[in-house]
Amino acid sequence: MPFPAFFVSRARSALACSGLLLATAASAGGPSVQDVSVLAGACVNCHLAGAAGTTSIPSLQGFSEEQLRSRLTAFQAGQVPAATVMPRLMRGFDSEQIAGLARWFAQPAAR
Numbered sequence: 385m386p387f388p389a390f391f392v393s394r395a396r397s398a399l400a401c402s403g404l405l406l407a408t409a410a411s412a413g414g415p416s417v418q419d420v421s422v423l424a425g426a427c428v429n430c431h432l433a434g435a436a437g438t439t440s441i442p443s444l445q446g447f448s449e450e451q452l453r454s455r456l457t458a459f460q461a462g463q464v465p466a467a468t469v470m471p472r473l474m475r476g477f478d479s480e481q482i483a484g485l486a487r488w489f490a491q492p493a494a495r
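385 is the number of the first residue of the sequence shown in my numbering; add one for each residue after it.
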């Protein structure tokens with residue numbers, strides 16, 4: 385079954401944004417709050433807080449930092465067999481960026 389076109393376009397947008405931030409984060413020794421907020425903005429395109437239960441894409445609210453970091457790292461390592469887009473996206477991030485995203489979305493008032 386082909387993947388819906390709007391998911392592909394969102395994934396491409398997220399990859400484009402992440403590529404721009406990789407160079408910035410590498411030269412600064414880790415992502416700044418501003419970098420993480422831009423990365424998180426790309427995530428929110430698909431993982432909207434209000435989308436829980438309406439699509440197959442889960443909301444990121446309600447998970448601990450460790451749960452999120454573990455899941456994102458599993459995507460990065462290709463350890464989630466049924467995943468399609470997330471492994472591709474996470475391969476573009478380093479461990480500090482993944483930790484920053486986990487921290488960002490684990491906050492009680494997710495941005």
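Don't be surprised by glycine CBs; every beta carbon is placed ideally from N, CA and C.
Given the structure is predicted, the values throughout are model-derived calculations rather than measurements.
Between the CA atoms of residue j and residue i - distance to the nearest angstrom
i      : j      : result
SER448 : PRO465 : 22 Å
GLU450 : PHE459 : 14 Å
ALA424 : SER443 : 13 Å
SER479 : PHE489 : 16 Å
MET474 : GLN445 : 19 Å
ALA467 : VAL422 : 23 Å
HIS431 : ILE441 : 6 Å
LEU456 : PRO415 : 16 Å
GLY462 : PRO471 : 6 Å
CYS427 : VAL469 : 12 Å
ASN429 : LEU452 : 17 Å
VAL417 : LEU485 : 10 Å
Enclosing alpha helix (DSSP H) for residue i [first to last residue]
i      : result
THR457 : 449-460
LEU473 : 470-474
ILE482 : 479-490
Where residue i sits in the DSSP three-state scheme
i      : result
GLN463 : coil
CYS430 : coil
GLN418 : helix
LEU444 : coil
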